[in-house]
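**Student:**
Numbering (the working numbering), first residue to last: 296 to 609.
(1) DSSP three-state label for residue 527, please.
(2) So residue 496 and residue 550 are in contact, right, with Cβ under 8 Å, and what is the actual spacing, rounded?
(3) Output yes or no for whether 7 Å exceeds the beta carbon distance between residue 567 and residue 587.
(4) Give me whichever residues DSSP pairs with residue 332 in a beta bridge.
(5) Scan the segment 462 to 544 and note each continuous alpha helix (DSSP H) run of 4 residues or more that stays entirely inside, going in chain order.
(6) Measuring CB atoms only, is the segment 549 to 563 touching the segment 505 to 525, in the sense that at least three cross pairs come out at less than 8 Å?
(7) If contacts are defined as beta-carbon pairs under 8 Å, then residue 403 and residue 429 qualify, I think. What distance do you get, rounded to the angstrom?
(8) So who's on the other strand from residue 440, going by DSSP bridges?
(9) Taking 7 Å as the limit between beta carbons, can you name the residues of its chain near residue 582, skipping five residues before and five after?
(10) Less than 8 Å between C-beta atoms, sequence neighbours within five positions excluded: which residues of the same chain meet that for residue 414?
(11) My understanding is that residue 570 touches residue 578, with C-beta atoms under 8 Å, so please give their C-beta distance in whole angstroms.
(12) Only counting the same chain, and skipping five residues up and downstream in sequence, which positions put a Cβ closer than 8 Å to that of residue 535?
(13) Could you name the residues of the same chain whose beta carbon sits closer than 6 Å to that of residue 448, not counting the 5 residues immediately before and after it, in chain order?
(14) What is the rounded straight-line gap between the Cα of residue 386 and the Cα of residue 602?
(15) In whole angstroms, what is the alpha-carbon distance linking residue 438 and residue 450?
(16) Within its chain, find whatever has a CB closer than 7 Å to the CB of residue 527; leave out the 5 residues flanking it on each side and keep chain order.
(17) Report back the beta-carbon spacing between residue 538 and residue 498 to the nearest angstrom; my notes put them in contact at under 8 Å.
(18) For residue 591, does the three-state DSSP call read helix, strand or coil?
(19) According to the Cβ coordinates, are residue 351 and residue 381 closer than 7 Å?
(20) Keeping to the same chain, check which residues put their C-beta closer than 6 Å to that of residue 395; ignore five residues upstream and five downstream.
(21) Let me know if residue 331 comes out buried or exposed under the rule of 16 or more other beta-carbons within 10 Å of its beta-carbon.
(22) Where do the ends of the alpha helix (DSSP H) carrying residue 417 lie?
(23) With DSSP as the reference, label residue 407 as helix, strand or coil.
(24) Out of 506, 340, 327, which has the shortest C-alpha to C-alpha gap to residue 592?
(25) For residue 568, which three-state DSSP category applies?
(26) Give me the Cα-Cα distance between residue 317 and residue 388, rounded to the nearest whole angstrom.
(27) Buried or exposed for residue 441, going by 16 or more other Cβ atoms inside 10 Å?
(28) Have a look at residue 606 and residue 542 and give me their C-alpha separation to the nearest angstrom.
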């Protein structure tokens, strides 16, 4: 009898050892936003849906017609979600990409775009889960150019699927204040940069991550390839900030510029953060508050300013 029990126990242990580990449950969903709001800020403020343009409405209608004609087409799903997000319909976009994931569970693009919009909605743990899933799905595969939904003046896409997965994953860790986890991701992104725009965007967040970790000498080395004459098409704000970090532009001068759109929160968060890691939170706080007040709230700089103010709050 003892031998039989021992054999049974051994078989059970072997089965447990070889059984697949079930996937971790998804992070809990954020509480629903109040009626009329698209999201809740990290400071507890309801965030209203941004206004869109007539052209964006037309683009969404065209994307919906394409989707309705072939609702199982992966590209149609992705463009429907992207067009909804450009109109500030971020929760709707998340639902569209969730449908895409159910229909195309091996398509990394669905997780990449949903992860991006979870960042916009301040749901960082859910963003990280999606972007890590996307990272696994593209591992060992050739990269692909990611077409722009809002083309730059030269109509030249500057991003790729894998570079955008990497960039947004690092950002989600950074916005959580988990700089230790953001660092290796941004280092990986930096190793794969292929154009000036990607160099300055990744270098900006990598530099700030290193400074927040107190690794000043390593941060200074990030600035070595950055020059005034770089051919930057889209990410001019990041380029200016890197030049500021390198001493070519004074923080006060950059903060005093008249800025619009996403440039405002991007530049002003970078200047405020400069004061934070140089120990001058008294100068940082009013700039951070201005970013949060003026927005636009979907900008990464605005999200980062909220996160910093939340950390600075008593």
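We put the beta carbon where it would ideally sit given N, CA and C, even for glycine.
**Tutor:** Considering the structure as presented:
(1) To locate residue 527, count along the chain shown from 1; it is residue 232. Correct three-state label for residue 527: coil.
(2) By one-based count along the chain shown, residue 496 stands at place 201. By one-based count along the chain shown, residue 550 stands at place 255. With 8 Å as the limit, residue 496 and residue 550 do not qualify as a contact, their Cβ atoms being about 20 Å apart.
(3) Indexing the chain shown from 1 puts residue 567 at position 272. Indexing the chain shown from 1 puts residue 587 at position 292. The answer is no: Cβ separation not under 7 Å.
(4) Within the chain shown, numbered from 1, the residue matching residue 332 stands at position 37. Its beta-bridge partners are 343.
(5) 474 to 486, 491 to 507, 511 to 517, 531 to 540
(6) no
(7) Translated into the one-based positions of the chain shown, residue 403 becomes position 108. Translated into the one-based positions of the chain shown, residue 429 becomes position 134. The Cβ separation is near 4 Å, so the contact holds.
(8) Locating residue 440 in the chain shown gives position 145, where the first residue counts as 1. DSSP lists 455 as partners of residue 440.
(9) In the chain shown, the residue the question calls residue 582 occupies position 287. Only 550, 563, 566, 567 meet the Cβ criterion.
(10) Sequence index remark: in the chain shown, residue 414 carries index 119 (1-based). So the qualifying residues of the chain are 422, 463, 466, 467, 470, 595, 598.
(11) Here residue 570 refers to the residue found at position 275 when the chain shown is read from its first residue. Here residue 578 refers to the residue found at position 283 when the chain shown is read from its first residue. Contact holds; Cβ gap of about 5 Å.
(12) Taking the first residue of the chain shown as position 1, residue 535 is located at position 240. Same-chain partners within the cutoff: 544, 549, 562.
(13) Residue numbering aside, residue 448 sits at position 153 when the chain shown is read from its first letter. Excluding residues within five positions, none has a Cβ falling inside 6 Å.
(14) As a working note, residue 386 is residue 91 in the chain shown. As a working note, residue 602 is residue 307 in the chain shown. If I take the Cα positions, the gap works out to 21 Å.
(15) As a working note, residue 438 is residue 143 in the chain shown. As a working note, residue 450 is residue 155 in the chain shown. About 20 Å.
(16) Residue mapping note: residue 527 aligns to position 232 of the chain shown, counting from 1. Around residue 527: 491, 492, 495, 534.
(17) In the chain shown, residue 538 corresponds to position 243, counting from 1. In the chain shown, residue 498 corresponds to position 203, counting from 1. About 11 Å separates the two Cβ atoms, so there is no contact after all.
(18) The sequence position of residue 591 within the chain shown is 296, counting from 1. Note: residue 591 maps to coil in three-state DSSP.
(19) Reading the chain shown from its first residue, position 56 is the one you call residue 351. Reading the chain shown from its first residue, position 86 is the one you call residue 381. Yes, the pair counts as a contact, with Cβ atoms nearer than the cut-off.
(20) As a working mapping, residue 395 is identified with position 100 in the chain shown. Counting only Cβ-Cβ distances below 6 Å, and skipping sequence neighbours, we find 372, 405.
(21) Against the chain shown, residue 331 aligns to sequence position 36. Counting Cβ neighbours within 10 Å, residue 331 comes out exposed, since fewer than 16 surround it.
(22) For the purposes of this step, residue 417 is taken as the residue at position 122 of the chain shown. First-last for residue 417: undefined, no H or E at that position.
(23) Locating residue 407 in the chain shown gives position 112, counting from the first residue. It is helical.
(24) Within the chain shown, numbered from 1, the residue matching residue 592 stands at position 297. Answer by Cα proximity: 340.
(25) Residue numbering aside, residue 568 sits at position 273 when the chain shown is read from its first letter. Residue 568 falls in the helix class under three-state DSSP.
(26) Mapped onto the chain shown, residue 317 falls at position 22. Mapped onto the chain shown, residue 388 falls at position 93. With a pLDDT of only 44 at residue 317, under the threshold of 50, the placement of this residue in the model should not be trusted; the figure read from the coordinates follows. Roughly 28 Å separates the two Cα atoms.
(27) Walking along the chain shown from the start, residue 441 turns up at place 146. Buried.
(28) Here the question's residue 606 lines up with position 311 in the chain shown. Here the question's residue 542 lines up with position 247 in the chain shown. Straight-line Cα distance between these residues: approximately 27 Å.
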